[in-house]
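Here the protein sequences come in this chain order: G and L. Take the first sequence: its letter number 149 is residue 149 in the working numbering, and every next letter is one higher. Just add 220 to wherever you are in the second sequence, counting from 1, and you've got the working numbering. Heads up: the structure comes next, in structure tokens.
Protein chains: 2
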Amino acid sequence: MNFTTSEENYIKSIYHLQQETGTVNTNSLAAEMQTRPASVTDMLKKLKAKKLLQYERYKGFKLNEAGKKAALDVVRKHRLWEYFLVEKLKFDWDKVHPIAEELEHISSNELIQRLEKFLGNPSFDPHGDPIPDRNGKIPVLNQQCLSDLPLKKTVTVSSVSNQTAQMLEMLKHYKIALGTQLIVQRKFDFDGSLEIKVLKQAACIISEQVAKNVFVHYDQ
Amino acid sequence: MNFTTSEENYIKSIYHLQQETGTVNTNSLAAEMQTRPASVTDMLKKLKAKKLLQYERYKGFKLNEAGKKAALDVVRKHRLWEYFLVEKLKFDWDKVHPIAEELEHISSNELIQRLEKFLGNPSFDPHGDPIPDRNGKIPVLNQQCLSDLPLKKTVTVSSVSNQTAQMLEMLKHYKIALGTQLIVQRKFDFDGSLEIKVLKQAACIISEQVAKNVFVHYDQ
DNA sequence: TTATATTTTTAGATTTGTCTAAATTTTATT
DNA sequence: AATAAAATTTAGACAAATCTAAAAATATAA
Chain G
1 MNFTTSEENY
11 IKSIYHLQQE
21 TGTVNTNSLA
31 AEMQTRPASV
41 TDMLKKLKAK
51 KLLQYERYKG
61 FKLNEAGKKA
71 ALDVVRKHRL
81 WEYFLVEKLK
91 FDWDKVHPIA
101 EELEHISSNE
111 LIQRLEKFLG
121 NPSFDPHGDP
131 IPDRNGKIPV
141 LNQQCLSDLP
151 LKKTVTVSSV
161 SNQTAQMLEM
171 LKHYKIALGT
181 QLIVQRKFDF
191 DGSLEIKVLK
201 QAACIISEQV
211 AKNVFVHYDQ
Chain L
221 MNFTTSEENY
231 IKSIYHLQQE
241 TGTVNTNSLA
251 AEMQTRPASV
261 TDMLKKLKAK
271 KLLQYERYKG
281 FKLNEAGKKA
291 ALDVVRKHRL
301 WEYFLVEKLK
311 FDWDKVHPIA
321 EELEHISSNE
331 LIQRLEKFLG
341 NPSFDPHGDP
351 IPDRNGKIPV
361 LNQQCLSDLP
371 LKKTVTVSSV
381 SNQTAQMLEM
391 LKHYKIALGT
401 QLIVQRKFDF
411 DGSLEIKVLK
421 QAACIISEQV
431 AKNVFVHYDQ
């Protein structure tokens, strides 16, 4: 089935919200999409007519299997384009989101398959988010928050939940990027800050606030 | 100024038509765009209001300087994306047009500048058409039709005016592509066919019909 | 130069996606 | 349980881009 840009944006937002909350309600979707509840209701009727979601008046809604697959197609495109923008065009990762928001609506499937191959079939985008495959399968990675980590274990940074320019600046300073290996050497109880050792760098101290936004996985 | 996808498509089509005919009329633009004359009139009013063209009722129309610059921006994007699709994603050149028709409307200027650099600042797209620079300047190449060429001169293929799959198949057979060097050795008056020698290939004969669609330039 | 044909425009309708304001339904509170 | 508050939907409007059918302007031809 083929969708409009607007339909795809709704589907994608519903998908993200229902990942967190199970079912989605009108007001939260309107807030997420920066639109009005009435507009949401209008679109819900269209998406229900296209059999993409379960929806009854006043009762909340959620994507069915067809809807989830449609959402994952858009997410897949978005993340592959983000990977392209950062890895090939050398954009900073905090600049690529709005451009990928446009590129994700280009319709050609062959384009996406060739792009994926050109990029070397990446599994994670530049923010560490998983890229669904063409069947909607999502790669999983056992991630843990840096602030909950035991001491002395070597880990690799796999994603960062705060993706602002401010955070990017901070991480650049510490020479931390996705794929960076590090060890937590010590935790200070006073303020929750951590002494960490980034591979090939001198040990340094990061605040709990930073640590809470960095996710890692154990090596191999 | 920012334009809608529809506006950009009209601007681009007007540009191409006025290259050939000076001024453009409603019916020919409607035919070019596969739409109705009434729809063209509607859009002309919008483009006139945005000061992109000279237009008086019943009198034909043409882009002014602002309109031409807007058109060249779209042409530039289209051709850079075609170059990307063929050179990086390995699409056949006869498959890329409809995809570039979508990509050309992605708005980010920084994207296009970075794409251009990533591609190595190409001057011509995979069909041999010139890629305008960011100021709208178009590279020129003294081209000549293969069928009008004197004998025994070494030339390089620079563009092909018929870009169908059938033509591509034919040229592939003769091992002719953009950049291929060749010499016309003989012309047969009977049917206008040419004996040509492609560099590193045995001499062969091509029909006048093929020759009329191949354009070349003298070496360096 | 008058009649006919062609081209172009207008008038009014349609679709998609959005909005405001009012009405309805559900939820929370006393 | 009655009432107030919050959430949701409906009704009706609007802008963009398109269409059909009819009217108006221009071009062509007898």
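Idealized CB from N, CA, C, for every residue including glycine. A quick note: this is a predicted structure, and the numbers were derived from the prediction, not measured.
By the 10 Å Cβ neighbour count, where 16 or more other Cβ atoms means buried, how is residue i classified, buried or exposed?
i	result
Tyr438/L	exposed
Glu110/G	exposed
Ile99/G	buried
Phe84/G	buried
Phe190/G	exposed
Val140/G	exposed
Phe287/L	The amino acid at residue 287/L is misidentified as Phe; the sequence shows Gly. It counts as buried.
Thr180/G	buried
Asp10/G	One point to set straight first is that residue 10/G is Tyr, not Asp, in the sequence displayed. So Tyr10/G ends up on the buried side.
Leu237/L	buried
Lys12/G	buried
Glu276/L	exposed
Ile426/L	buried
Ile358/L	exposed
Ala70/G	buried
Glu240/L	exposed
Give the C-beta separation of residue i and residue j to the nearest angstrom, bearing in mind that I take them to be a contact with Cβ-Cβ under 8 angstroms.
i	j	result
Ser378/L	Leu402/L	Contact flag wrong, Cβ pair sits at about 12 angstroms.
Arg299/L	Asp349/L	6 angstroms
Arg186/G	Leu149/G	At roughly 12 angstroms, the Cβ-Cβ gap does not stay under 8 angstroms, so Arg186/G and Leu149/G are not in contact.
Val404/L	Pro346/L	About 24 angstroms; that fails the 8 angstroms criterion.
Ile40/G	Ala30/G	Checking the sequence, you will find Val at residue 40/G rather than Ile. Rounded, the Cβ-Cβ distance is 5 angstroms, consistent with contact.
Gln201/G	Lys175/G	6 angstroms
Asp367/L	Glu428/L	Here residue 367/L is Ser; the residue named in the question, Asp, does not match the sequence. Correct: roughly 6 angstroms between the Cβ atoms.
Val74/G	Glu104/G	5 angstroms
Glu227/L	Lys266/L	7 angstroms
Pro132/G	Leu72/G	4 angstroms
Val178/L	Met390/L	A question about residue 178/L goes unanswered here, because the residues of chain L that appear run from 221 up to 440.
Ile234/L	Leu273/L	7 angstroms
Give the interface partners of residue i over in chain L, defined as CB-CB distance under 9 angstroms, in chain order.
i	result
Lys118/G	For the record, residue 118/G in the displayed sequence is Phe; it is not Lys. Here the neighbours are Lys308, Leu309 and Lys310.
Would you give the residue range spanned by the beta strand (DSSP E) that residue i belongs to?
i	result
Arg186/G	Gln181 to Lys187
Glu195/G	Leu194 to Val198
Thr376/L	Thr374 to Val380
His217/G	Val214 to Tyr218
Phe281/L	Phe281 to Leu283
Over what stretch of residues does the alpha helix (DSSP H) that includes residue i continue unbroken?
i	result
Tyr247/G	With chain G covering only 1 through 220, there is no way to say anything about residue 247/G.
Ile14/G	Thr5 to Thr21
Ile426/L	First-last for Ile426/L: Cys424 to Ile426, but that is the beta strand (DSSP E), not the alpha helix (DSSP H).
Thr35/G	Per DSSP, Thr35/G belongs to no alpha helix (DSSP H) and is neither H nor E.
Lys172/G	Ala165 to Tyr174
Gln333/L	Asn329 to Phe338
Glu102/G	His97 to Leu103
What residues of chain G sit near residue i, judged by a beta carbon separation below 7 angstroms?
i	result
Ser413/L	Near Ser413/L there are no residues of chain G at all, since even the closest Cβ is about 37 angstroms away, more than 7 angstroms.
Glu322/L	Ile106 and Ser107
Output, in chain order, the set of chain G residues within a Cβ distance shorter than 9 angstroms of residue i.
i	result
Ile319/L	Ile106, Ser107, Ser108, Glu110 and Leu111
Arg296/L	Correct list: empty, because the minimum Cβ distance to chain G is about 16 angstroms.
Check the Cβ of residue i against every Cβ in chain L and list those closer than 7 angstroms, keeping chain order.
i	result
Leu115/G	Leu309
Exercise for the section: Kindly confirm or deny that the region 208–217 of chain G and the region 223–243 of chain L touch, where touching means at least three C-beta pairs closer than 8 angstroms. Expected result: no
Practice task
Decide yes or no for the touch test of the region 82–100 of chain G against the region 23–31 of chain G: beta carbon pairs closer than 8 angstroms, at least 3 of them.
Solution key: no
Exercise for the section: Mind the definition here: the region 277–286 of chain L touches the region 329–347 of chain L only if three or more C-beta pairs lie below 8 angstroms; say whether that holds. Expected result: no
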